[in-house]
Amino acid sequence: MNDFVLNPNKPPIIIGSGITGATISMMKPEFSLYDKARYPGGRVSTKQLQENGIRFDIGATMFRDQMEIDWLGKVTQYNLFEIWNTNGVKIETKSIYDKNHHFPIEGMESIVKGMLKDKSSHQSHTLKSLKKKDNHSWECIFYSNANKQFVSVDTSQVIFTLPIPQILELFTNSEATIEFKRWKDFLETYNDYRKTLVCLFSWDHWKPDLNSLGLNLENQIPITTSLQRGEDWEYQSWEHIKYQNDSSKGANLLVQFSSLFSETHFEYWMDQEKKPTPFYQEMLTTGVKEKWDTPSPDGIFLHRWKYAQAQMPLLGREGALKLDSEEFSEWKTLCKETGIMVLGDWMFGSKIERIIGGVHFLIHNGIL
Ligand SMILES: Cc1cc2nc3c(=O)[nH]c(=O)nc-3n(C[C@H](O)[C@H](O)[C@H](O)COP(=O)(O)OP(=O)(O)OC[C@H]3O[C@@H](n4cnc5c(N)ncnc54)[C@H](O)[C@@H]3O)c2cc1C
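Under this note's numbering, think of the first position of the sequence shown as 136, with each following residue one higher.
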């Protein structure tokens, strides 16, 4: 098979403006960026409720500043703040949990916005199918939700950053080619994601006594979150402390549910208006009252992530990204020979620092 020859007149395009797409864009601003959603961010998404100004993160809630890469038998450490500094990106953060975990004071989504800076991404553009034109280019067919029309873009390389099931669906909706078949065979091993259900409880005029809940606010780095692996109500974060709002007399608590709970309740979690059905209203209200001795919440906001976190990343889930592997060599060959590159948390692991550090490394070493 002939290699795809990158044509400088048709620069690569990035599909997806989540943290992966934003990192590529930060370092390669000449690449165009497309996303089906109205705003960039993907699974790094901050919600601000209009009625009361409450801010909370519905996807990722914090990041580490350090990550490591193991390549050619040598482990090198990278620091996110240094990567941002080098690229002229400023994000004001605070520590949370311990001195290596942080969150941006404007919400997690501001990481993506900060990395995109003044670059405009083509939002509300859903990639519907791909067509191979020759060994130099792909035709990408988007549907623009804003203009209600199809838009066709030619490129020498398509860089996918979507969860694998969404990529495979796109291949299925496109005319079959050997390139899709090769990627499909390769990606199937890593196509394993957990689901996550998320709920935000809000109280207009009540605040918890956090010390009595075992959370420590006197520390220099306040502990306002807790993780109980294996329990249904797995991760809890008192978001009103993270994102303080002086005019608010209330509190809000974000809960992420376990993989098992999320799998069981996923289909029925909310009605068409994304509101809890009477069954879940009762279950959640009873649960929050029992666990934290709260009054009935004044508001319940629900969200569900079908492909929340990749479970079998190619470069490992914890520790240094392992690049001295046959799988990584195979990935590079596929990228070179097909004019398609597939990146994302299925490759680096579902951690912001692994993705940013990993993409930075690939670009810095001329692999991307
Ligand atoms: C509930 C939850 C909690 C998490 N907590 C943490 C945490 O605390 N710390 C941490 O480091 N990580 C956390 N993660 C993991 C982290 O959020 C993800 O690993 C990371 O955001 C993945 O980014 P991505 O850019 O690879 O993919 P995504 O963010 O999924 O981006 C893909 C983008 O592609 C777009 N797209 C999809 N289909 C199309 C199409 N056909 N055409 C055009 N665009 C399309 C989507 O709209 C999306 O914006 C969490 C994730 C979840 C869901």
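Each residue gets a CB set at the ideal place from its N, CA and C atoms; glycine is no exception.
Beta-carbon contacts of residue i that lie in its chain and below 6 Å, excluding the five residues immediately before and after
i, result
"residue 286", "277 and 279"
"residue 397", "330, 331 and 332"
"residue 202", "213, 488, 489 and 492"
Between the CA atoms of residue j and residue i - distance to the nearest angstrom
i, j, result
"residue 502", "residue 427", "50 Å"
"residue 295", "residue 147", "11 Å"
"residue 467", "residue 478", "11 Å"
"residue 151", "residue 290", "15 Å"
"residue 315", "residue 495", "26 Å"
"residue 381", "residue 339", "13 Å"
"residue 308", "residue 444", "24 Å"
"residue 312", "residue 208", "37 Å"
"residue 211", "residue 464", "19 Å"
"residue 480", "residue 270", "28 Å"
"residue 368", "residue 392", "5 Å"
Host alpha helix (DSSP H) of residue i (start-end)
i, result
"residue 415", "413-427"
"residue 359", "Looking at the DSSP string, residue 359 is not in any alpha helix (DSSP H), and its letter there is neither H nor E."
"residue 464", "461-473"
"residue 160", "154-162"
"residue 307", "299-307"
"residue 341", "No alpha helix (DSSP H) contains residue 341, which DSSP labels as neither H nor E."
"residue 502", "Per DSSP, residue 502 belongs to no alpha helix (DSSP H) and is neither H nor E."
Start-to-end residues for the beta strand (DSSP E) that takes in residue i
i, result
"residue 230", "228-231"
"residue 220", "It is not in any beta strand (DSSP E) - residue 220 instead sits in the alpha helix (DSSP H) that spans 215-221."
"residue 269", "260-269"
Paired residues, beta bridge with residue i - DSSP
i, result
"residue 190", "183"
"residue 89", "This structure cannot speak to residue 89, because the chain is shown only from 136 to 503."
"residue 203", "212"
"residue 445", "328"
"residue 476", "294"
"residue 370", "362 and 391"
"residue 239", "228"
"residue 439", "332"
"residue 273", "267 and 290"
"residue 285", "278"
"residue 257", "169"
"residue 386", "338"
Cut-off 7 Å between Cβ atoms - residues of its own chain near residue i, not counting five sequence neighbours on either side
i, result
"residue 401", "330, 332 and 439"
"residue 497", "503"
"residue 254", "160 and 164"
"residue 469", "317, 318 and 321"
Spatial neighbours of residue i in its chain, beta-carbon cut-off 8 Å, leaving aside the 5 residues before and after
i, result
"residue 342", "375, 384, 385 and 386"
"residue 183", "189, 190 and 242"
Query raised in the report: Is the number of C-beta pairs between the segment 401-409 and the segment 297-306 that are closer than 8 Å three or more?
Result: The segment 401-409, when compared against the segment 297-306, does not touch it at the 8 Å Cβ threshold.
Query raised in the report: Is it true that the segment 380-400 meets the segment 317-336, where meeting means three or more beta-carbon pairs spaced less than 8 Å apart?
Result: The segment 380-400 is in contact with the segment 317-336.
Query raised in the report: Is the segment 368-386 touching the segment 218-228, taking contact as three or more C-beta pairs under 8 Å?
Result: No, the segment 368-386 is not in contact with the segment 218-228.
**Report entry** Segment contact, 8 Å Cβ cut-off, at least three pairs: the segment 200-219 with the segment 235-252
**Finding:** Touching, yes.
Query raised in the report: Within the chosen definition, does the segment 413-420 reach the segment 445-455 through at least 3 CB pairs nearer than 8 Å?
Result: No, the segment 413-420 does not touch the segment 445-455.
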